[in-house]
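In mature numbering (1 follows the signal peptide of the UniProt record, and there is no 0), the protein residues as written are -25 to -1, 1 to 313.
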């Protein structure tokens, strides 16, 4: 396996333990690393910023555990398009959140409420981009992932355009998915690991229906799907919707389901040809991705540790620091727009 060169089972096990918060993982992030560990505490601007975020996330999570996949999708949609600059949070008729690929995004109200608390405690100091990354880390930890280091000091972007959204379809090959991840400075291990976020959450049947009824125009199901799995999911996803019927939602990992807990069943379901999304099932068709899938299915701790690093790496994509961007007072509009 490669990852310069997938030597993570010895290196990451040491660098990314469950005591992750005490480990400086900067050497594992893409250079240049412009962010800082505990930025707000070191700069004496909002010493308890991360404590405030964690407290608010815990309150939300106790009421609604679906915030975990909502925040995961939100941070992915932000960081993978123009970088982690909170541009996904900006409102507007042609903003990123209006792009077709971002249909069904949630979690905005959570970020708004956390921002309101921080503006009350530390006005004009903590960026929306940092709040989004910190809140996501805390939510996934509560769902069973390890607590990983979120380097902070991001500033918020000034614009958001639906036309800039290049997020790929969930029905692409692993080769195209890897090409997209590489274009963002990530690699094959990041791809196989970050797709593991699909162990929690739901997707619309419209992203699955072609696999069930007319794969690649054949009039048959995707042959990579197990026959019993096809039968079961067809009961949830009809070929055609009735007039006025909304697009149904199905759990990406039924074994996690409404508990929204990270489990290794996501990877074992791929091995058993029971992945809901085509891009997930595709992991068994690449030599490296298949080997990673086998490792994660056999050893959940390997996945947890790798997930921690890959989330940190994604959170470092094209960040704004220093005099770039701004610290928004309201995450939905730029300061000039107020």
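Backbone N, C-alpha and C define an ideal beta-carbon position, used for all residues, glycine too.
Contacting residues, own chain, Cβ-Cβ under 7 Å from residue i (five flanking each side not counted)
i, result
"residue 201", "247, 248, 249"
"residue 66", "307, 308"
"residue 86", "64, 103, 106, 107, 110, 306"
"residue 161", "288, 289"
"residue 190", "196, 197"
"residue 83", "64"
"residue 324", "A query on residue 324 cannot be resolved here, the shown segment of the chain reaching from -25 to 313 and no further."
Euclidean distance between Cα positions of residue i and residue j
i, j, result
"residue 295", "residue 60", "7 Å"
"residue 135", "residue 68", "10 Å"
"residue 156", "residue 252", "17 Å"
"residue 214", "residue 224", "14 Å"
"residue 325", "residue 144", "No statement about residue 325 is possible, as the shown extent of the chain runs from -25 to 313 and does not include it."
"residue 166", "residue 193", "29 Å"
"residue 186", "residue 197", "5 Å"
"residue 38", "residue 81", "15 Å"
"residue 36", "residue 152", "31 Å"
"residue 176", "residue 227", "6 Å"
"residue 9", "residue 127", "9 Å"
"residue 331", "residue 90", "Nothing in the structure corresponds to residue 331, since the chain is present only between -25 and 313."
"residue 183", "residue 209", "10 Å"
"residue 163", "residue 259", "13 Å"
"residue 315", "residue 168", "Beyond the ends of the chain as shown, which are -25 and 313, falls residue 315; an answer cannot be given."
"residue 301", "residue 311", "10 Å"
"residue 317", "residue 49", "With the chain covering -25 to 313 only, the question about residue 317 has no answer from this structure."
"residue 96", "residue 199", "53 Å"
"residue 159", "residue 98", "33 Å"
"residue 293", "residue 203", "44 Å"
"residue 303", "residue 188", "47 Å"
"residue 113", "residue 244", "26 Å"
"residue 146", "residue 40", "27 Å"
Other residues of its chain near residue i: CB distance less than 6 Å, five sequence neighbours each side excluded
i, result
"residue 261", "149"
"residue 15", "21, 24"
"residue -2", "Residue placement at residue -2 is poorly supported in this model, since its pLDDT is 34, which falls under 50; the coordinates still yield a value, given next. So no residue of the chain qualifies."
"residue 257", "148, 149"
"residue 104", "59, 60, 61, 129, 131"
"residue 236", "118, 119"
"residue 52", "63, 77"
"residue 270", "277"
"residue 275", "239"
"residue 314", "With the chain covering -25 to 313 only, the question about residue 314 has no answer from this structure."
Residue i burial status per 10 Å Cβ neighbour count (16 or more: buried)
i, result
"residue 206", "exposed"
"residue 18", "exposed"
"residue 28", "buried"
"residue 217", "exposed"
"residue 322", "Residue coverage of the chain in this structure runs from -25 to 313, which leaves residue 322 outside it and unanswerable."
"residue 116", "buried"
"residue 32", "buried"
"residue 88", "exposed"
"residue 154", "exposed"
"residue 280", "buried"
"residue 291", "buried"
"residue 254", "buried"
"residue 124", "buried"
"residue 283", "buried"
"residue 273", "exposed"
"residue 285", "buried"
"residue 121", "buried"
"residue 219", "exposed"
Which residues DSSP lists as bridging residue i, in chain order
i, result
"residue 308", "305"
"residue 127", "11"
"residue 295", "130"
"residue 224", "179"
Chain-order list of residues whose beta-carbon lies under 8 Å from that of residue i (same chain, five-residue window excluded)
i, result
"residue 180", "211, 212, 213, 222, 223, 224, 225"
"residue 56", "62, 63, 71, 139, 140, 141, 142"
"residue 385", "The structure shown does not extend to residue 385, since the chain spans only -25 to 313, so no value can be given for it."
Exercise for review: Decide yes or no for the touch test of the stretch 262 to 270 against the stretch 233 to 240: beta carbon pairs closer than 8 Å, at least 3 of them.
Suggested key: no
Practice item. Inspect the CB distances between the stretch 16 to 27 and the stretch 70 to 83 and report whether three or more fall short of 8 Å. Key: no
Exercise for review: Could you tell me whether the stretch 29 to 46 touches the stretch 170 to 180, where touching means 3 or more Cβ pairs closer than 8 Å?
Suggested key: yes
Point to revise | Three or more C-beta pairs below 8 Å linking the stretch 229 to 237 and the stretch 123 to 142 | key: no
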